[in-house]
Structure formats: structure tokens, C-alpha cells
Amino acid sequence: MSLHLIEPDLGRISGGAAFNRAVAEAAGPRIVLHSVPGSWDEPGPAESAAVNNLLAAVTGPVLLDGLIATALPEVMTDPGDTNRTEQGSPILLIHCLADSDDRAACDRERQVVSAAPAVITTSRFTAAGLESRYGIRAEAAVPGNPARPQSSGGGGGHFVCIGAIEENKGQLLIAEALTELMATETARPDACVQEAALDEVAAEESLRVTFAGPLVDADYGRRLQAACQELPAGRADVVGELSPDEIDALYSNADLLLLPSRSEAYGMVVAEAAAAGIPAFVTAGTGAEEPLGAGLGLPRTVGAWAQALHRWLTDDEFRTELTESARRNRPHVKRSWTDTAAEVLRVTAEHTRPIAPPASAEQHGPPAAADRKQRSNS
């Protein structure tokens, strides 16, 4: 019997969609992926009906993407659906935690994870967050990470930032950090050695940053473009959404990945860069530190990032140490998507009831959250 993975069709590339697609492809017929179209920024009755109709139509266990569940919590908490009474409530796949500052979102998150018979997350960071917030034990199915050719580098100063162009990903911080870095060096004639090192990189035209990813927030995109125009010509390029082959080409001549996200559940691009032997700078305290091997976790301030980039550009020993460490670690960061799919299927099998004759919702209700809390402490 196939597992039905139900996700929202966001109409763009995202880390969650990439995870879902890769797991389904790795599992073959054992996982069937269903993408539900709709206005998922503000879902309403049409989206709710589409999801409920799909739940009623499929035969077999269901793995529901957390973006749907937290947007439409009634999908998890209403016991009336045929699929939920025969198979139990859908198992949840949580890609990221709700914003801790959004009380309503956290309330919805608490409702759905408490109603689910099991929760799968795509990182240990997210699993730990759910247990800390709600006492709910989740199982982590870490993303696959195929082998990649080793990056040949771009002369030491080619930075790449891959992710949706939006406030959370923080591309603007990078542009501002580079602006501060260059302005500081211009104003420091006494720092002769370091300034000479920075000038050498700049003179070779190797100091540049490439921003790649779909435009999600048009206003933020305009602000990023304006900030890039404040840099010397050729130093920053916003290239938009790239194909997988184009992403591979970008990694092939990159020196350092930058990911200054405000929040991050895992950071698949950090793992991808590691597979190419590319170190990374990420935001400290986010899930991007989980796959981080060679690199730094930094405070999310312009000054901290400007200082770290200055060190990268001017300290040959530091730069070489991180690069060599990333290249040594390449064989150890590979992971098969087949292994990830196996984890998803294992958890699903352990928490799925066999199909039985219809019975009352009382008999087949989801296990209480308190029971799962007790199991997590055993």
C-alpha cells in the first residue's frame, strides 16, 4: 500500500518542495506525491475543500505537509473524514517551526502536532524545537545529499547566496556588509597589509557575490537590487531562480556560501555546498548550523558579517584552513535520498493502522498528546 504525501503547490521552488519531490522519487511507488494548488499565502474554503476531497479519495496512509496542516488545522482536528477514521489522522511532515513571535501560528502548530499520531521533521533542529515547545517527540528524516564535483573556486572572493529572495533569507544583509566592508577599508589607510590583501582580491575582479533564488517578495527584491547598485560594478549579481544544472555550475566556481537567514530549519544549500567542498557562513542559532561542517555561525548583524568577510578576504591562513577542511569533509556529508525515504516509511508504518471496517471516531481517535509526551520521556 502506498503512502500518500500531500503538499501545497506553492508555484515555486522551495526547500520543502524539493525535499518532498526527492523523497517521493527515491521511494518509487511506495510514496505518491499529491500537490494541491491554491492560494497558500492565505488559504480559504477552496483550499480546505481541495484537501478534504483528496483525503477522502485516497486509499492508504497519509503524510500531510505541515504547511497545509498549520494553515488549515481543521484538517487534523475534525474527526469526520473517512480516511481519518479508518487510517487514523494523517501523520505530519514538519519542514519548519512556526515563528515564535506569531502567537496565532504557534497555537495552530500546537493543535496539529498534538492531534497527529506521529510527527516527522526534516531536521534534528526542528524535532528538538517541537519537543522544547510542546513536549512532542518527533522523528527526524534528514535530507539526502548526493555527491557533487569539488568546486574549483573562484579566486577566493566568489560568494554565493542561494535561497528565495525574501526578508527571512537576509540577502540584503550581505549587500550591506560588503558595502560596509569596502567603506571601512577605504577609510583605513593605516591598515596597510590587510587593505593590500583586500585590494588584491578586488583588483583581480574576483570579489563578487551571486544571489540566486526565486523572487518571493517584490519589494524586498527592489531593495536588494538598490543595495547591490551601491557596490562597485560587477560585484553583485541577482540572477533569479536557477535550474539544477545552473546551480551545479554556480557551485563549481564558488568559494564561500553565505546564508544569513533569520530562521532556518536545516539549510539544504549548506549541505549541498559541503558536498562540493565549499565552506559556509550561516546565522548562529538556526537549523543551518546542523549541516554546517567547515564555516562559521555568525550573529545576524551587518557588522559581524562584514568582519567575518573581511577576515575571509584578508587572512590567507584562515581562508585556506576552512577551504581545505570543507574539501576533506566531502566524503562524509553524502547521504542517499533512499535512506531518507526509508526513515519516512518506517515511521509511517509504525504509526499507521491497517484498514478495518468503519468504526466510531471515539474508537479510532488519534492518541492523546499526553501519551506521546510520556513515550518521549521513557
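So in full-length UniProt numbering, spot 50 of the sequence shown is number 50, and the numbers just go up one at a time.
Note that the Cβ used here is the ideal one computed from N, Cα and C, for glycine as well.
- Between the stretch 231-241 and the stretch 256-263 there are fewer than three inter-stretch CB-CB distances shorter than 8 Å, so the stretches are not counted as touching.
- In the three-state scheme derived from DSSP, where H, G and I count as helix and E and B as strand, Ile165 is classed as strand.
- Nearest to Val113 by C-alpha distance, out of Gly157, Ile165, Ile91, is Ile91.
- Residue ranges of uninterrupted beta strand (DSSP E) with 3 or more members, entirely inside the stretch 66-144 and ordered along the chain, are 91-94, 119-121.
- The distance from the Cβ of Gly38 to that of His95 is about 18 Å, inconsistent with a contact at the 8 Å cut-off.
- A direct Cα-to-Cα measurement between Val269 and Ala57 gives close to 36 Å.
- DSSP places Glu290 outside both helix and strand once states are collapsed to three, so it counts as coil.
- Taking a contact to require three or more Cβ pairs closer than 8 Å, the stretch 104-121 and the stretch 271-288 do not qualify as touching.
- The beta carbon of Glu180 sits closer than 8 Å to those of Val302, Gly303, Ala306, all from its chain and outside the five residues before and after it, given in chain order.
- Here the alpha carbons of Leu258 and Val51 stand approximately 37 Å from one another.
- When only Cα atoms are considered, Leu256 and Met1 end up about 44 Å apart.
- Residue environment for Gly287: buried (at least 16 other C-beta atoms within 10 angstroms of its C-beta).
- Of the candidates Asp99, Arg103, Asp9, the residue whose Cα lies closest to the Cα of Leu64 is Asp9.
- In the DSSP assignment, Ile6 forms a beta bridge with His34, Leu64.
- Within the same chain, and ignoring the five residues on either side of Arg21 in sequence, the residues whose Cβ sits closer than 8 Å to its Cβ are Leu33.
- Per DSSP, the continuous alpha helix (DSSP H) segment holding Val270 begins and ends at 268-275.
- Beta-bridge annotation (DSSP): Asp237 is paired with Thr210.
- DSSP places Thr283 outside any alpha helix (DSSP H); the residue lies instead in the beta strand (DSSP E), whose first and last residues are 280-283.
- In this structure the stretch 307-321 does not touch the stretch 117-135; the number of beta carbon pairs closer than 8 Å is below three.
- Asn53 sits exposed, since fewer than 16 C-beta atoms from the chains shown fall within 10 Å of its C-beta.
- Counting along the chain, Gly15 sits inside the alpha helix (DSSP H) bounded by residues 15-27.
- Non-local beta-carbon contacts of Ala98 in its own chain, meaning distances under 6 Å to residues more than five positions away in sequence, involve Ala105, Cys106, Glu109 in chain order.
- Between the C-alpha atoms of Arg319 and Leu215 there is a straight-line separation of about 31 Å.
- Within its own chain, the residues whose Cβ lies closer than 7 Å to the Cβ of Ser89, once the five positions on either side in sequence are excluded, are Met76, Ala115, Ala116, Pro117, Pro366, listed in chain order.
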